[in-house]
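Contents: one structure, followed by commentary.
Numbering (the UniProt record's numbering), first residue to last: 1 to 659.
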């Protein structure tokens with residue numbers, strides 16, 4: 001999750017750096033030409049903001065100067081912006097504790113002075129701190145407050161950024177539809193603002209979400225549009241990110257020719273930028289590509305290049321860390337100066353007056369505290385050793401108990417599975433020996449009569465019809481038996497895909513229409529609109545077929561069988577309803593249990609084993625759904641099952657089809 005959030009926030013930074021050098025030079029001149037403290041504080045704040053994505057140390061240093069100058073001259077707005085700039089500098093460096101300290105102080109002063117214009121951007125930065133700290137609920141709270149103020153002030157540029165950040169929160173919470181909603185809204189506003197930077201950023205972000213979901217075609221659509229905008233903006237880093245990600249998509253799709261083209265494009269941009277992190281990613285992707293192609297010579301070559309650049313990055317980071325220690329020291333000195341400005345001047349004078357007395361007391365007190373602390377430390381070390389030994393022994397006992405419990409649980413689980421397998425085996429042999437052998441014997445007898453030619457033409461037609469029904473019944477039984485046995489032996493692989501439920505239902509209705517007409521039953525398909533679900537098509541076909549077959553089997557002449565569907569949140573509930581004989585309440589709980597299979601006969605004496613419903617339950621649950629039934633004697637039955645709704649690019653309004 002952290003990797004994704006970082007990418008979502010990083011894109012757009014290089015675009016914002018276009019022309020930064022010219023801008024900072026101009027602002028330096030403005031600072032030098034300022035004629036009063038207010039003008040100089042504003043100029044310093046503008047300069048600090050200009051350095052934000054170029055040199056965060058300069059942002060913090062210059063922002064601190066603006067803050068001190070504004071504080072000395074009671075200039076509230078300059079103080080608020082100074083605190084905001086310094087806080088954002090620490091945010092870029094990952095020092096979230098200091099960031100919050102400065103931002104919350106800026107927010108408090110803004111509220112005290114009723115300065116509403118700066119509050120949304122401060123709230124947005126506070127939300128970003130909590131998001132980077134994985135405190136997502138707090139982050140969402142501040143983003144929502146920022147969104148409300150930005151909407152009131154009609155600040156569409158800031159609103160687009162806030163909506164994008166809210167989308168990041170929902171993505172981190174795995175709420176994909178909500179995330180895409182806010183990302184699309186941010187993208188729409190950025191287009192209205194003609195904010196090409198914002199458009200390129202959100203296009204990339206949406207593409208990244210689809211890449212993480214392995215929805216590669218959608219990801220490519222957004223990456224390509226972001227890539228084209230980055231070309232217009234001459235944004236080398238944006239081109240590098242898009243090229244590498246498109247290369248990664250093509251790598252997943254095994255389109256190695258396209259993958260190598262885009263990876264090399266990204267590598268060219270990375271080399272122009274002299275960005276070692278991006279160069280490393282390019283080499284690593286080429287290593288993966290050639291390794292998949294089993295071109296081990298090139299794979300080894302790029303692996304060596306990636307390793308070398310990674311070592312170089314590590315050396316640079318070590319040097320940067322040393323520089324940051326010195327910078328931190330200098331900034332601490334500035335921080336102390338700021339803190340002193342917030343103290344009461346009267347207390348400072350009193351402290352200076354009694355300084356010599358306090359120093360003597362302090363020396364004595366520190367000496368006493370040091371002695372007491374030393375004794376306390378020695379005592380604590382002894383206790384720690386004793387406690388550590390006890391904890392180790394307790395942990396050893398706990399682990400032994402946990403291991404014994406796990407072994408016991410594992411044995412119990414294995415016993416339960418063996419019992420279930422025995423029941424399955426017994427039922428399987430029972431069905432094969434009785435329900436399958438009996439109709440085959442009947443078929444054999446009928447065929448012998450036909451073969452001997454002792455029947456009249458009329459009797460031959462009649463017995464042929466009976467033969468067809470027997471063969472169809474035996475075929476259905478055999479299909480269910482094989483599918484159920486395969487499922488129980490874990491031999492079925494699920495292939496979930498985008499399935500048009502309305503077409504699937506209609507094909508089954510067409511299949512069973514002759515059977516329904518033969519029994520003088522009305523068969524209705526009330527699913528009149530296309531509905532797309534995420535399911536295994538063959539499994540779903542078998543479930544609908546079994547339920548329709550049962551409904552017709554147990555419905556009397558002049559009755560009705562209808563099938564309908566309803567979208568509920570993120571799933572679709574399908575209902576197969578009949579006006580048949582209904583089910584005894586005592587038998588409803590046994591319908592979906594292998595231990596309780598029983599033979600039933602339809603209204604035209606059609607024989608059933610209950611295996612079809614057991615198979616329906618197994619297949620529906622394997623596709624992430626549920627199945628249940630409502631039935632009353634002589635009033636009919638309603639069999640319901642649910643399947644996941646297929647997630648579309650755009651938000652779909654809920655609707656209910658005729659039932």
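Using N, Cα and C, we set each Cβ at its ideal position, and we do this for glycine too.
Check                                                                                                                 : Outcome
Reference residue 561; option with closest CA among 532, 542 and 524                                                  : 524
Neighbourhood of residue 500 by C-beta, 7 Å cutoff - its chain only, sequence neighbours within 5 removed             : 530 and 532
Segment contact flag, the stretch 222-242 with the stretch 253-260, C-beta cutoff 8 Å, min 3 pairs                    : no
Between the CA atoms of residue 464 and residue 647 - distance to the nearest angstrom                                : 49 Å
Inter-stretch contact (C-beta, 8 Å, three-pair minimum) for the stretch 149-162 and the stretch 100-113               : no
Spatial neighbours of residue 56 in its chain, beta-carbon cut-off 7 Å, leaving aside the 5 residues before and after : 89, 92 and 93
Backbone secondary structure at residue 600 - three-state DSSP                                                        : strand
Residue 59 and residue 85 closer than 7 Å at C-beta                                                                   : yes
Residue nearest to residue 160 in terms of C-alpha spacing, selected from 95, 276, 192 and 116                        : 192
C-beta contact flag for residue 70 and residue 87 at 7 Å                                                              : no
DSSP bridge partner residues for residue 644 (one or two, in chain order)                                             : 571
Whether residue 449 touches residue 622 by CB criterion (7 Å)                                                         : no
Alpha helix (DSSP H) segment containing residue 179, residue limits                                                   : 176-192
Backbone secondary structure at residue 133 - three-state DSSP                                                        : coil
Three-state secondary structure assigned by DSSP to residue 672                                                       : This structure gives no information on residue 672, because the portion of the chain shown stretches from 1 to 659.
Nearest-angstrom Cα separation, counted from residue 564 out to residue 527                                           : 5 Å
Nearest candidate by alpha-carbon position, reference residue 577, set 555, 158 and 540                               : 555
From 244, 175, 182 and 390, residue whose alpha carbon lies closest to that of residue 144                            : 182
Other residues of its chain near residue 52: CB distance less than 8 Å, five sequence neighbours each side excluded   : 59, 85, 88, 89 and 92
Proximal residues to residue 243 (C-beta, below 6 Å), its chain only, five neighbours per side dropped                : 262, 265 and 266
Limits of the unbroken beta strand (DSSP E) element including residue 723                                             : In the structure as shown, the chain starts at 1 and stops at 659, and residue 723 therefore has no counterpart that could be examined.
Identified DSSP bridge partners for residue 507                                                                       : According to DSSP, residue 507 bridges with nothing at all.
Start and end residues, beta strand (DSSP E) containing residue 532                                                   : 532-536
Member of 541, 537, 496 and 33 whose CA lies at the smallest distance from the CA of residue 512                      : 541
contact_flag[the stretch 630-639, the stretch 568-582] where n(CB pairs < 8 Å) is 3 or more                           : yes
Residues near residue 378 by beta carbon distance below 6 Å, same chain, minus five either side                       : none
Residue from 507, 270 and 248 whose Cα sits closest to the Cα of residue 290                                          : 248
Opening and closing residue of the alpha helix (DSSP H) in which residue 86 lies                                      : 76-93
Same chain, Cβ closer than 6 Å to residue 223, neighbours up to 5 away in sequence not counted                        : 207, 242, 245 and 246
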